[in-house]
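Engineer: Got a structure for you, questions after.
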Amino acid sequence: MFSKLKDKLSGWIKKSKETVEESVVDAKVEVEMPKAKTKKKGEEKIIKETPEMKSKKSGGLVEEVAPSGVPSAEGKVPSEVGSAEGKIEEEDKTKIEEEIVGKVEEKKSGFFSKVKSSFKYQISEEGFDEIFDDLEMLLLENNVALEVVDDLKKKLSGKLVGKEIKKEDLEKEIRGELKNSLNEVLIEPDDPLDAVGLKKGSGKPFVILFFGINGTGKTTSIAKMADLLKRKGFSVVLAAGDTFRAASIEQISIHASKLNVPLIKHDYGSDPSAVGFDAIKYAEKHRIDVVLIDTAGRMHTKTNLLSEMEKIVRVSDPDLKIFVAESIAGNDAVEQARAFNEMIEIDGSILSKADIDEKGGTIISVSHATHKPIFYLGVGQEYKDLKLFDKQEFIDSLGL
Ligand code: GDP
Numbered sequence: 399m400f401s402k403l404k405d406k407l408s409g410w411i412k413k414s415k416e417t418v419e420e421s422v423v424d425a426k427v428e429v430e431m432p433k434a435k436t437k438k439k440g441e442e443k444i445i446k447e448t449p450e451m452k453s454k455k456s457g458g459l460v461e462e463v464a465p466s467g468v469p470s471a472e473g474k475v476p477s478e479v480g481s482a483e484g485k486i487e488e489e490d491k492t493k494i495e496e497e498i499v500g501k502v503e504e505k506k507s508g509f510f511s512k513v514k515s516s517f518k519y520q521i522s523e524e525g526f527d528e529i530f531d532d533l534e535m536l537l538l539e540n541n542v543a544l545e546v547v548d549d550l551k552k553k554l555s556g557k558l559v560g561k562e563i564k565k566e567d568l569e570k571e572i573r574g575e576l577k578n579s580l581n582e583v584l585i586e587p588d589d590p591l592d593a594v595g596l597k598k599g600s601g602k603p604f605v606i607l608f609f610g611i612n613g614t615g616k617t618t619s620i621a622k623m624a625d626l627l628k629r630k631g632f633s634v635v636l637a638a639g640d641t642f643r644a645a646s647i648e649q650i651s652i653h654a655s656k657l658n659v660p661l662i663k664h665d666y667g668s669d670p671s672a673v674g675f676d677a678i679k680y681a682e683k684h685r686i687d688v689v690l691i692d693t694a695g696r697m698h699t700k701t702n703l704l705s706e707m708e709k710i711v712r713v714s715d716p717d718l719k720i721f722v723a724e725s726i727a728g729n730d731a732v733e734q735a736r737a738f739n740e741m742i743e744i745d746g747s748i749l750s751k752a753d754i755d756e757k758g759g760t761i762i763s764v765s766h767a768t769h770k771p772i773f774y775l776g777v778g779q780e781y782k783d784l785k786l787f788d789k790q791e792f793i794d795s796l797g798l
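Count along the sequence shown from 1, then add 398; that gives the number in this note's numbering.
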């Protein structure tokens, strides 16, 4: 699962680290000076300007800053030296017995800086934009919606820009802050079974309505949910609320008999609200814990059919409204989620077919677009293949 996004993210983190480091190397070249001649104590140590001291680039990527303007061990002078018209200010005259003679051309402020000592980096806003460009592309290619990318950018830039990062921690920091940002972008998960458990014994069944377009795995997800509830000790009744699509009633009947749970069904073309209503009455009469109601998986764009769904919601007064979509559907799934959420205000989603999803971005995008949790991932075609969504595990699976 999500192997493509994982590989791409790992590549980006490495490349970003290199971009920052390479820029710093460039800056060293820019202000490189010959080794200082060192005289014995009391004598002057002099470094003369060389042609190399002239800036080789007009808009360097890096600003290198050292604490006291001391030439580094390799005889390289941090650019800060040049920033005050070439004169180094000695901060600690007792320690420093060197004086830079000559003028190092002032370098423009760069994208990345070394700060305080040559062992720390600082990423500027422009530098961040440069490394984020690649991340933006790879996220978009992996089904992460633009609005999520923008949100992620804001969060990540808030964490990285201006932060002093030790050279050896550069990769770890970029990875860590990306992880933190993703954590903030993803809505906290929620286990629907907690609410089911709370209602058990109340004399009223827990009612769950399922929405989503045809072929996305809605019926299979209902069957998986029924199986899970049974395994957790809850009794279940199914309602064949999709009275529109040919063979849908037969399809859910097969699941009901395999799972050995009752099914309430009417004829094709009948009012789906009535099917849901009857299933709830049946559950009340037989003290069944949970009612799972299927609905017609019509295109979310057909407004008259969506108003039918509003009626089902009104009549069955569900405890949960779950939207089902394919993890592999990308932007289509996000559009569907948004439309269903606007129409009937969903409580959360199940994303099916995550087992064949190499990208993973739909999961982030659907959760972000609806501001509702992902309840479960469908991870195969067996009943057991319904996995409670775990945010940390998901982030870990992206290699972060
Ligand atoms: P519906 O029309 O939305 O009710 O979709 P179905 O439940 O009939 O599922 C459509 C197809 O997707 C079927 O072949 C299912 O076996 C398959 N499917 C459903 N969920 C998953 C899943 O999580 N992983 C995989 N690989 N296939 C799934």
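Each residue gets a CB set at the ideal place from its N, CA and C atoms; glycine is no exception. These numbers come from a predicted model, not from an experiment.
#1: Leaving aside the five residues before and after residue 616 along the sequence, list all residues of the same chain whose C-beta is less than 6 Å from its C-beta, in chain order.
#2: Using three-state DSSP, classify residue 574 as helix, strand or coil.
#3: Can you list, in chain order, the residues of its chain whose CB lies under 7 Å from that of residue 533, leaving out five sequence neighbours each side?
#4: Within the segment 727-788, note down every full alpha helix (DSSP H) run reaching 4 residues or more, in order along the chain.
#5: Does DSSP classify residue 406 as helix, strand or coil?
#6: Bridge partners of residue 604, per DSSP?
#7: Classify residue 724 as helix, strand or coil using the three-state DSSP reduction.
#8: Any heavy atom of the ligand GDP closer than 8 Å to the Cβ of residue 695?
#9: Is residue 649 near the ligand GDP - that is, is its Cβ less than 8 Å away from at least one heavy atom of it?
#10: For the ligand GDP, is there any heavy atom lying closer than 8 Å to the beta carbon of residue 734?
#11: Is residue 753 near the ligand GDP, judged by its Cβ being under 8 Å from some heavy atom?
#12: Apart from the five residues on each side of it in sequence, which residues of its chain come closer than 6 Å, Cβ to Cβ, to residue 385?
#13: For residue 611, which beta-bridge partners are listed by DSSP?
#14: Measuring CB to CB, does residue 635 end up less than 9 Å from residue 688?
#15: What would DSSP say about residue 694, mapped onto helix, strand or coil?
#16: Using the Cβ count rule (16 or more neighbours within 10 Å means buried), how would you classify residue 724?
#17: For the beta strand (DSSP E) that residue 636 lies in, which residues bound it at each end?
#18: Closer than 8 Å is the cut-off here; do at least three beta carbon pairs connect the segment 546-564 with the segment 776-789?
#19: Measuring from the CB of residue 655, is there a heavy atom of the ligand GDP at a distance below 8 Å?
#20: For residue 541, I'd like the list of residues in its chain whose CB is within less than 6 Å of its CB, leaving aside the five on either flank, ordered along the chain.
#21: Any idea what DSSP makes of residue 662, helix, strand or coil?
#22: Taking DSSP as the reference, what is the three-state secondary structure of residue 553?
#23: Is any non-hydrogen atom of the ligand GDP found closer than 8 Å to the C-beta of residue 673, if you look at the structure I gave you?
#24: Of the choices 707, 749, 620, 548, whose alpha-carbon is the least far from that of residue 527?
#25: Does the segment 620-640 come within contact of the segment 585-605, defined as at least 3 CB pairs closer than 8 Å?
#26: Measure the alpha-carbon distance for residue 556 versus residue 581 and round it to whole angstroms.
#27: Can you find at least 3 beta carbon pairs, one from the segment 784-791 and one from the segment 652-662, that sit closer than 8 Å?
#28: Using only the heavy atoms of the ligand GDP, determine whether one of them is closer than 8 Å to the beta carbon of residue 747.
#29: Within the present structure, is the beta-carbon of residue 763 separated from the nearest heavy atom of the ligand GDP by less than 8 Å?
#30: Tell me the DSSP secondary structure of residue 719 in three-state form.
#31: Compute the Euclidean distance between the alpha carbons of residue 798 and residue 416, then round it to the nearest angstrom.
#32: Compute the Euclidean distance between the alpha carbons of residue 604 and residue 598, then round it to the nearest angstrom.
#33: Residue 588: beta carbon under 8 Å from a heavy atom of the ligand GDP?
#34: Taking buried to mean at least 16 other C-beta atoms within 10 Å of its own C-beta, is residue 571 buried or exposed?
#35: Nearest-angstrom Cα distance between residue 414 and residue 749?
#36: Which of the three DSSP states is assigned to residue 411 in this structure?
Structural biologist: Checking against the coordinates, here is how it stands:
#1: Here residue 616 is taken as the residue at index 218 of the sequence shown, counted from 1. Only 608, 610, 695, 722 meet the Cβ criterion.
#2: Here residue 574 is taken as the residue at index 176 of the sequence shown, counted from 1. The answer is helix: DSSP assigns residue 574 an H, G or I state.
#3: The residue given as residue 533 occupies position 135 in the sequence shown. So the qualifying residues of the chain are 410.
#4: DSSP runs (the alpha helix (DSSP H)) wholly in the segment 727-788: 729-742, 759-768.
#5: Translated into positions along the sequence shown, residue 406 becomes position 8. In this structure, DSSP gives residue 406 a helical state, which the three-state scheme calls helix.
#6: Taking the first residue of the sequence shown as position 1, residue 604 is located at position 206. BP columns for residue 604 point to 688.
#7: Indexing the sequence shown from 1 puts residue 724 at position 326. Annotated three-state conformation of residue 724 is strand, per DSSP.
#8: What you label residue 695 is simply residue 297 of the sequence shown in a count that begins at 1. Answer for residue 695: yes, Cβ within range of the ligand GDP.
#9: Taking the sequence shown and counting its residues from 1, one reaches residue 649 at position 251. The ligand GDP has a heavy atom closer than 8 Å to the beta-carbon of residue 649.
#10: By one-based count along the sequence shown, residue 734 stands at place 336. Not so, every heavy atom of the ligand GDP lies at least 8 Å from the Cβ.
#11: Along the sequence shown, one-based indexing puts residue 753 at 355. Within the cutoff, so yes.
#12: Nothing about residue 385 can be read from this structure; the chain reaches only from 399 to 798.
#13: Position 213 of the sequence shown, counting from 1, holds the residue named residue 611. None; residue 611 has no bridge partner.
#14: Locating residue 635 in the sequence shown gives position 237, where the first residue counts as 1. Locating residue 688 in the sequence shown gives position 290, where the first residue counts as 1. Inclusion of residue 635 and residue 688 in the CB contact set at 9 Å is warranted, their separation being smaller than that value.
#15: Within the sequence shown, numbered from 1, the residue matching residue 694 stands at position 296. Coil, per DSSP.
#16: As a position in the sequence shown, residue 724 is number 326, starting the count at 1. Residue 724 is classed as buried because its beta carbon has at least 16 other beta carbons within 10 Å across all chains shown.
#17: In the sequence shown, counting from the first residue as 1, residue 636 sits at position 238. That run of the beta strand (DSSP E) goes 634-637.
#18: Put simply, the segment 546-564 does not touch the segment 776-789. Fewer than three CB pairs are less than 8 Å apart.
#19: Translated into the one-based positions of the sequence shown, residue 655 becomes position 257. Answer for residue 655: no, Cβ out of range of the ligand GDP.
#20: The residue given as residue 541 occupies position 143 in the sequence shown. Excluding residues within five positions, the ones whose Cβ falls inside 6 Å are 728, 757, 759, 760.
#21: In the sequence shown, residue 662 corresponds to position 264, counting from 1. Residue 662: strand per DSSP, three-state reduction.
#22: As a working note, residue 553 is residue 155 in the sequence shown. Residue 553: helix per DSSP, three-state reduction.
#23: As a first step, residue 673 is located in the sequence shown; it is residue number 275 there, counting from the start. Result no, Cβ not under 8 Å from the ligand GDP.
#24: Translated into the one-based positions of the sequence shown, residue 527 becomes position 129. Closest by alpha carbon: 548.
#25: Yes, they touch.
#26: Walking along the sequence shown from the start, residue 556 turns up at place 158. Walking along the sequence shown from the start, residue 581 turns up at place 183. When the Cα atoms are used, residue 556 and residue 581 turn out to be separated by approximately 14 Å.
#27: No, because fewer than three Cβ pairs between the segment 784-791 and the segment 652-662 fall closer than 8 Å, the two stretches do not touch.
#28: The count along the sequence shown starts at 1 and reaches residue 747 at position 349. Result no, Cβ not under 8 Å from the ligand GDP.
#29: Position 365 of the sequence shown, counting from 1, holds the residue named residue 763. No.
#30: Taking the first residue of the sequence shown as position 1, residue 719 is located at position 321. Three-state result, residue 719: strand.
#31: Counted from its first residue, the sequence shown places residue 798 at position 400. Counted from its first residue, the sequence shown places residue 416 at position 18. Approximately 18 Å between the Cα atoms of the pair.
#32: Locating residue 604 in the sequence shown gives position 206, where the first residue counts as 1. Locating residue 598 in the sequence shown gives position 200, where the first residue counts as 1. C-alpha of residue 604 to C-alpha of residue 598: approximately 8 Å in a straight line.
#33: Residue mapping note: residue 588 aligns to position 190 of the sequence shown, counting from 1. Distances between the C-beta of residue 588 and the heavy atoms of the ligand GDP are all 8 Å or more.
#34: On the sequence shown, residue 571 is found 173 positions in, with the first residue counted as 1. Classified as buried, residue 571 has 16 or more neighbouring CB atoms from the shown chains inside 10 Å of its CB.
#35: Within the sequence shown, numbered from 1, the residue matching residue 414 stands at position 16. Within the sequence shown, numbered from 1, the residue matching residue 749 stands at position 351. Rounded to the nearest angstrom, the gap between the Cα atoms of residue 414 and residue 749 is 32 Å.
#36: Residue mapping note: residue 411 aligns to position 13 of the sequence shown, counting from 1. If DSSP states are grouped into helix, strand and coil, residue 411 belongs with the helices.
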